[in-house]
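Below you'll find the structure, written out as structure tokens, and then a few comments.
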Amino acid sequence: MTITELMPFSVLVPLIASLVCALLPGRFWPWAVTLVAVIVSAVIAAFTLPAAAQVTLSYAFGNWPPPIGIEYRVDAANAFVALLVAGMAAVALPWAKKSVDKEVPERQGAFYALFLLALSGLLGITLSGDAFNIFVFLEISSLATYGLIAHGSDRRALLASFRYLIMGTVGATFLLIGIGFLYIMTGTLNLADLAERLPEVRDTSTVRAALAFIIVGMGLKLAMLPLHLWLPNAYTYAPSFVTVFLAGTATKVALYVMLRFVFTVFAPDWSFVVLPLSTVLMILGVAGMFAGSWVAMFQPNIKRMLAYSSVAQVGYMVLGVSLVSVIGLSAAFLHLFNHALMKTALFMAVGTVIYQVGSARLKDVRGLGRTMPWTLTAFALAGLSIIGVPLTAGFVSKWYLIQAALDQGQWFLVVLILVTSLMAVIYIWRVIEAAWFQERSIKQPDVGEAPLALLIPTWILVALNFYFGIDTRLTVGGATAAAEALLGGGMTP
Amino acid sequence: MSALPQLNLFTVVLIPFIGAALIALAGSHRRLREGLSWASAVIFFLAVMGLLGAFLDGESVSQTVWEIMPGLTIAFRLEPLGMLFAAMSSTLWVLATPYAIGYMKAKGYSNLGRFFACYAIALGAAAGIAFADNLFTLFVFYEILSVSTYPLVAHTGDNKARQGARTYIALLLATSIGLMLPAMIWVWTATGTLDFADGGILAGQVSPAAGAVLLVLFMYGTGKAALMPFHRWLPAAMVAPTPVSALLHAVAVVKAGVFVVLKIALYVFGLDYLRELATSDLMLYIAAFTMLAASLVAIRQDNLKARLAYSTVSQLSYIVVGAMLAVQLAAIGGGMHMLMHGFGKITLFFCAGAIYVASGKTKVSELDGLGRRMPVTFFAFLIGALCVIGLPPTGGIWSKWHLVAGAFDAGHSAIMVAFMLSTLLNIGYLLPPVVRAFLRPLPEGEKAGFDEAPWMCVVPLALTALGTLVLFFMAQSAFDLLGGVFAPTA
Chain A
1 MTITELMPFS
11 VLVPLIASLV
21 CALLPGRFWP
31 WAVTLVAVIV
41 SAVIAAFTLP
51 AAAQVTLSYA
61 FGNWPPPIGI
71 EYRVDAANAF
81 VALLVAGMAA
91 VALPWAKKSV
101 DKEVPERQGA
111 FYALFLLALS
121 GLLGITLSGD
131 AFNIFVFLEI
141 SSLATYGLIA
151 HGSDRRALLA
161 SFRYLIMGTV
171 GATFLLIGIG
181 FLYIMTGTLN
191 LADLAERLPE
201 VRDTSTVRAA
211 LAFIIVGMGL
221 KLAMLPLHLW
231 LPNAYTYAPS
241 FVTVFLAGTA
251 TKVALYVMLR
261 FVFTVFAPDW
271 SFVVLPLSTV
281 LMILGVAGMF
291 AGSWVAMFQP
301 NIKRMLAYSS
311 VAQVGYMVLG
321 VSLVSVIGLS
331 AAFLHLFNHA
341 LMKTALFMAV
351 GTVIYQVGSA
361 RLKDVRGLGR
371 TMPWTLTAFA
381 LAGLSIIGVP
391 LTAGFVSKWY
401 LIQAALDQGQ
411 WFLVVLILVT
421 SLMAVIYIWR
431 VIEAAWFQER
441 SIKQPDVGEA
451 PLALLIPTWI
461 LVALNFYFGI
471 DTRLTVGGAT
481 AAAEALLGGG
491 MTP
Chain B
1 MSALPQLNLF
11 TVVLIPFIGA
21 ALIALAGSHR
31 RLREGLSWAS
41 AVIFFLAVMG
51 LLGAFLDGES
61 VSQTVWEIMP
71 GLTIAFRLEP
81 LGMLFAAMSS
91 TLWVLATPYA
101 IGYMKAKGYS
111 NLGRFFACYA
121 IALGAAAGIA
131 FADNLFTLFV
141 FYEILSVSTY
151 PLVAHTGDNK
161 ARQGARTYIA
171 LLLATSIGLM
181 LPAMIWVWTA
191 TGTLDFADGG
201 ILAGQVSPAA
211 GAVLLVLFMY
221 GTGKAALMPF
231 HRWLPAAMVA
241 PTPVSALLHA
251 VAVVKAGVFV
261 VLKIALYVFG
271 LDYLRELATS
281 DLMLYIAAFT
291 MLAASLVAIR
301 QDNLKARLAY
311 STVSQLSYIV
321 VGAMLAVQLA
331 AIGGGMHMLM
341 HGFGKITLFF
351 CAGAIYVASG
361 KTKVSELDGL
371 GRRMPVTFFA
381 FLIGALCVIG
391 LPPTGGIWSK
401 WHLVAGAFDA
411 GHSAIMVAFM
421 LSTLLNIGYL
431 LPPVVRAFLR
441 PLPEGEKAGF
451 DEAPWMCVVP
461 LALTALGTLV
471 LFFMAQSAFD
481 LLGGVFAPTA
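As given, the protein sequences belong to chains A and B, one line each in that order.
The first sequence runs 1 to 493 under the working numbering.
The second sequence runs 1 to 490 under the working numbering.
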């Protein structure tokens, strides 16, 4: 079995496992099956990346040759994202057991089945080389995600989920309209085929409208300002494990889809000319960086604070894209990967606090630095990464982003990036100050350190944040390859 | 000295960090914690002395630890200035350890595991700064130093401490991330290297205007050098327990700041290039202004620690002036002042803490007659004050001597006048506490009689005072060491 034949199984294994999972009773087996499925998927993704970096892999489903049948087409860009998604799921699952037992005590079979569906949806979006197939997987992952968010123990989770459903459906519909327009004009849905046929018809308003629809639709899923409104509530009220998983993966995949369309389907020398994309993305990116960081500084709930911080971090990625250069795109991909690392670590630490204390409000964290030192230290260290302190992953991506800005002589962007980093200092510092330098009030219950089952995965992620801040070969290499694949027409065979 | 083993540089830097981890694990176990604090300080001291021995024998010691991104490395190298800084801070750490233990116990502070762990990390970061071979390494340890000292400033956790600590961290991080980091990236894009090199790396690589802007960015980016108007963090940091103010905010942190200034002036700009820049005179006069203005503020402070803090702001600017004069003599004088002021100021802070421990007094106006109760402390205070003012028989005179000579060399007569004025102001704010203590009677109702602080506090301050006297005679060796900066082979 070659890697090309193996690669689709990273999507199929979770898909099939979800059916099994839905039927399993109890609390142990659904989790165990999920864990196995996710690890298999991650291992396949890990083998795919080095192969895809060398030559574009193509797998035709049902042996129907590509432009007609559905094709999985994997180059460095989507292999990188797929590894990120599957890898994050694999790292998060060992952590999930305790947290899910507490927050979703019943019908765990259904819960884990939804999770597997969401995962296979996200992987499917990433690997597929067919526009309509991307839409289908997007719907699978979105519907599953709505269900997952609604599992939150707070009643407001239902409203948050409903709100996301409305916005998410609008986004998916926009994508579908865009794809429909493209189909009308070219008669094909295969991405590579689209890229070949579009140049003939691209000076029409239909194609321009298609581009606009796709960007807005994916902007919604990506939570790009001002289309981010669904995200804070969804992240805040979803079960901790769901937040951990979504924060590292969902928005990243949406960004990938947007990039795939903008850069490979419509060539960048067209899409950045016909629409003022560079300017628009730059303004939205910077606005997201500022608005997200600003609002995060005033949140009384840590989960919500981190959610707004995610809006800001998406801003960094969009900014990297808006520079339209290999180094800018590399910075975007780097931050995509590094942000997944740090946000997952942060949400895990907060989830651990929730597991022990039952709340993530800032005032309930007071004094916890002494009673839960390992959890809060993990939070502080991951916080350093999001600030972008040297020797952390966050520093590496900011370093590249600043280089990309300097490369184009955009001095003011450097200033803006640094100012928002300082804002990150403030919002992370509020938590540190509460945890170590404020006394716990007498009314609040005393709690001890969290169980190791939660601490070990959290610390593994914290360690990864530092590892990838020091050894940048994999991340920088992968991100550069991904950027080159997108810019260098990686879809043409 | 050659009897000591010569470890590689990274290992030496790691010693305090490992010590910190062990201290944190020892936590509330008092004896273990104190033993580990002693052990880390002494082992670190011996390790640095081992390096010093090798360095004086003329060995060149350097080490590249890891390449993070192509061309961007964590690398260390011994050079005269860093050697001096490391030797000074490791020596003073050994002396400060008993003081800190005694002081924290006498005042009944809690959370001592965190306290001593952060204390050790700060020293390790200072060592990393001292040995750094490129701007990036220096920046990394500079940030570690900022972050690790925050818990020390906020130690008591009350509102005042939190407020002070917030000002502290905000100013330090804002300047380093907001100004130094972009300057560093600018240098990187312009020259493709961040390594320190004799004679600088910028000459001929950037336009004169860019060089001038870079200089301003670097000087203000080094917030720890406390150039006005970014000096507020230093008085704010005085909410910390006195051992922190003494070792960190008179020695390790602030000296790291001016050390960075010297290092950047010498090895990034190079003195010849520095002299040509349009802004070097501007920075020179800002530093001279800081020197005088901070002294004027110091005179008006009644709180003893606040007075000393403003005095530090003023003295740090001596060193910045030394760097900005851009002549060899002044740069060496600046390096020496780092050492002399370190010993003098730590003595003064030790005394201030001892006074507080023994009598609970924090204000200059309350010191009347205290000299008879605490003769050792106040005698040490007098010696420390003489050193900071720059009078014999203390080491302080030599650094001022060279700074003034350097100003003369550079033809800046206005700066010479500023030095003289500042010396007068120093006398004006440092001698009154001693005069009050020895010459005025005790207030009514306070009992006379000998009443010193615990010996754990008194012995260190006597030793550092003695150190300033020894430096008076040993100044030539410091001068020779620093002269190596300009030796052709270095």
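From the three backbone atoms N, C-alpha and C, an ideal C-beta is built for every residue, glycine too.
Please read these numbers as outputs of a predicted model, since none were measured by experiment.
Taking 9 Å as the threshold (beta carbon to beta carbon), is arginine 440 (chain A) in contact with chain B?
On the first sequence, residue 440 (chain A) is found 440 positions in, with the first residue counted as 1. So no, arginine 440 (chain A) is outside the interface.
Three-state secondary structure (DSSP) at threonine 73 (chain B)?
Translated into the one-based positions of the second sequence, residue 73 (chain B) becomes position 73. Threonine 73 (chain B): strand per DSSP, three-state reduction.
Work out the CA separation of isoleucine 415 (chain B) and alanine 250 (chain B) for me, nearest whole Å.
For this step, residue 250 (chain B) is matched to residue 250 along the second sequence. For this step, residue 415 (chain B) is matched to residue 415 along the second sequence. C-alpha separation (whole angstroms): 24 Å.
Measure from the C-beta of glycine 157 (chain B) to each C-beta in chain A and report whether the shortest distance is under 9 Å.
To locate residue 157 (chain B), count along the second sequence from 1; it is residue 157. Answer yes: the Cβ-Cβ gap between glycine 157 (chain B) and chain A drops below 9 Å somewhere.
Fully enclosed by the region 392-451 of chain B, which beta strand (DSSP E) runs are 3 residues long or longer?
Considered as a whole, the region 392-451 of chain B harbours no complete run of any beta strand (DSSP E) with no fewer than 3 residues.
So that I know if they touch, is there some Cβ in chain A lying closer than 9 Å to that of glycine 178 (chain B)?
Residue mapping note: residue 178 (chain B) aligns to position 178 of the second sequence, counting from 1. Interface residue, yes.
Under 9 Å Cβ-Cβ, which residues of chain A neighbour methionine 69 (chain B)?
Here the question's residue 69 (chain B) lines up with position 69 in the second sequence. For methionine 69 (chain B), the chain A residues whose C-beta falls within less than 9 Å of its own C-beta are Val396, Trp399, Tyr400, Thr472 and Val476, listed in chain order.
Is the Cβ of glutamine 403 (chain A) closer than 9 Å to any Cβ of chain B?
Numbered from its first residue, the first sequence carries residue 403 (chain A) at position 403. Chain B contact via Cβ: present.
Enumerate in chain order the residues of its own chain whose CB-to-CB distance from alanine 490 (chain B) is below 8 Å, with the five nearest sequence positions on each side excluded.
Here the question's residue 490 (chain B) lines up with position 490 in the second sequence. Residue confidence for alanine 490 (chain B) is low, a pLDDT of 38 falling below 50, so the modelled location carries little weight and cannot support an answer.
From the beta carbon of phenylalanine 437 (chain A), is the nearest beta carbon of chain B less than 9 Å away?
Position 437 of the first sequence, counted from the first residue, corresponds to residue 437 (chain A). Yes, because at least one Cβ of chain B sits closer than 9 Å to the Cβ of phenylalanine 437 (chain A).
Tell me the DSSP secondary structure of threonine 193 (chain B) in three-state form.
As a first step, residue 193 (chain B) must be located in the second sequence, where it is residue number 193. Threonine 193 (chain B) falls in the coil class under three-state DSSP.
How many whole angstroms separate the CB atoms of proline 16 (chain B) and isoleucine 169 (chain B), which I take to be in contact at a CB cut-off of 8 Å?
Numbered from 1 along the second sequence, position 16 holds the residue referred to as residue 16 (chain B). Numbered from 1 along the second sequence, position 169 holds the residue referred to as residue 169 (chain B). Taking the Cβ atoms as the reference, proline 16 (chain B) lies roughly 21 Å from isoleucine 169 (chain B), outside the contact range of under 8 Å.
Quick one: Cα of leucine 234 (chain B) to Cα of alanine 287 (chain B), how far?
The sequence position of residue 234 (chain B) within the second sequence is 234, counting from 1. The sequence position of residue 287 (chain B) within the second sequence is 287, counting from 1. In a straight line, the C-alpha of leucine 234 (chain B) is about 16 Å away from that of alanine 287 (chain B).
What are the residues in the region 125-145 of chain B lying within 8 Å of chain A by C-beta distance?
Phe136, Phe139, Val140 and Glu143
When DSSP labels each residue in this structure, what does glutamine 6 (chain B) get in the three-state scheme?
Taking the second sequence and counting its residues from 1, the one referred to as residue 6 (chain B) is at position 6. Coil, per DSSP.
Among the residues of its own chain, which have a CB less than 7 Å from the CB of phenylalanine 395 (chain A), if the five just before and after it don't count?
In the first sequence, residue 395 (chain A) corresponds to position 395, counting from 1. Excluding the 5 residues flanking it on each side, phenylalanine 395 (chain A) has same chain C-beta neighbours closer than 7 Å at Gly388, Val389 and Gly469, in chain order.
Please tell me whether tryptophan 95 (chain A) has its Cβ less than 9 Å away from any Cβ of chain B.
As a working mapping, residue 95 (chain A) is identified with position 95 in the first sequence. So no, tryptophan 95 (chain A) is outside the interface.
Near tyrosine 109 (chain B), what residues of its chain come up, given a Cβ to Cβ distance below 8 Å and the 5 sequence neighbours on each side ignored?
Taking the first residue of the second sequence as 1, we reach residue 109 (chain B) at position 109. Taken in chain order, the residues that qualify are Phe115, His155, Thr156 and Pro241.
So that I know if they touch, is there some Cβ in chain A lying closer than 9 Å to that of proline 229 (chain B)?
In the second sequence, residue 229 (chain B) corresponds to position 229, counting from 1. Chain A, which has no Cβ nearer than 9 Å to the Cβ of proline 229 (chain B), makes this no.
Any 3 or more C-beta pairs closer than 8 Å across the region 137-144 of chain A and the region 43-52 of chain A
No, the region 137-144 of chain A is not in contact with the region 43-52 of chain A.
Is DSSP giving aspartate 130 (chain A) helix, strand or coil here?
Translated into positions along the first sequence, residue 130 (chain A) becomes position 130. In this structure, DSSP gives aspartate 130 (chain A) an extended state, which the three-state scheme calls strand.
Proximity test, Cβ basis, 9 Å: valine 431 (chain A) and chain B:
Counted from its first residue, the first sequence places residue 431 (chain A) at position 431. Not closer than 9 Å to any Cβ of chain B, the Cβ of valine 431 (chain A) fails to qualify, so no.
Helix, strand or coil for lysine 443 (chain A), going by three-state DSSP, please let me know.
For this step, residue 443 (chain A) is matched to residue 443 along the first sequence. Lysine 443 (chain A): coil per DSSP, three-state reduction.
With 9 Å as the threshold, decide whether the Cβ of arginine 494 (chain A) is near any Cβ in chain B.
Summary: the structure shown does not reach residue 494 (chain A), with chain A confined to residues 1 through 493, and so no result is reported for it.
Listing by chain order, which chain A residues have their CB less than 7 Å from the CB of tryptophan 233 (chain B)?
As a working mapping, residue 233 (chain B) is identified with position 233 in the second sequence. Result: empty, since nearest Cβ-Cβ is about 14 Å, beyond 7 Å.
Assigned secondary structure, valine 61 (chain B) (DSSP; H/G/I helix, E/B strand, else coil)
The residue labelled residue 61 (chain B) in the question sits at position 61 within the second sequence. In this structure, valine 61 (chain B) counts as coil in the three-state DSSP scheme.
With a floor of 4 residues, list each alpha helix (DSSP H) that falls wholly inside the region 193-233 of chain A, ordered by position along the chain.
205-222
Taking the alpha-carbon positions, what's the glycine 35 (chain B) to serine 148 (chain B) distance?
Locating residue 35 (chain B) in the second sequence gives position 35, counting from the first residue. Locating residue 148 (chain B) in the second sequence gives position 148, counting from the first residue. So the two alpha carbons sit approximately 21 Å from each other.
Name the two residues that bound the continuous beta strand (DSSP E) containing arginine 73 (chain A).
Sequence index remark: in the first sequence, residue 73 (chain A) carries index 73 (1-based). Run containing arginine 73 (chain A): 71-74, per the beta strand (DSSP E) assignment.
Rounded separation between tyrosine 112 (chain A) and threonine 243 (chain A) - CA only
Position 112 of the first sequence, counting from 1, holds the residue named residue 112 (chain A). Position 243 of the first sequence, counting from 1, holds the residue named residue 243 (chain A). As the crow flies, the alpha-carbon of tyrosine 112 (chain A) is around 14 Å from that of threonine 243 (chain A).
For the region 336-348 of chain A, which residues have a CB atom closer than 8 Å to at least one CB atom of chain B, in sequence order?
none
Inter-residue Cα distance where the pair is leucine 284 (chain B) and threonine 394 (chain B)
Working through the second sequence from its first residue, we reach residue 284 (chain B) at position 284. Working through the second sequence from its first residue, we reach residue 394 (chain B) at position 394. Their backbone Cα atoms lie some 27 Å apart in a straight line.
Proximity winner among B:Val153, B:Leu386 and B:Lys224, relative to valine 239 (chain B) (alpha-carbon distances):
Looking up residue 239 (chain B) in the second sequence gives position 239. The option with the nearest alpha carbon to valine 239 (chain B) is B:Val153.
In whole angstroms, what is the alpha-carbon distance linking glutamine 403 (chain A) and arginine 202 (chain A)?
As a working note, residue 403 (chain A) is residue 403 in the first sequence. As a working note, residue 202 (chain A) is residue 202 in the first sequence. Going from the Cα of glutamine 403 (chain A) to the Cα of arginine 202 (chain A) covers about 33 Å.
In whole angstroms, give me the CA-to-CA distance for isoleucine 428 (chain A) and leucine 247 (chain B).
Here the question's residue 428 (chain A) lines up with position 428 in the first sequence. Here the question's residue 247 (chain B) lines up with position 247 in the second sequence. Taking the straight line from one Cα to the other gives about 28 Å.
Does the region 332-339 of chain A come close enough to the region 307-321 of chain A to have 3 or more Cβ pairs within less than 8 Å?
yes
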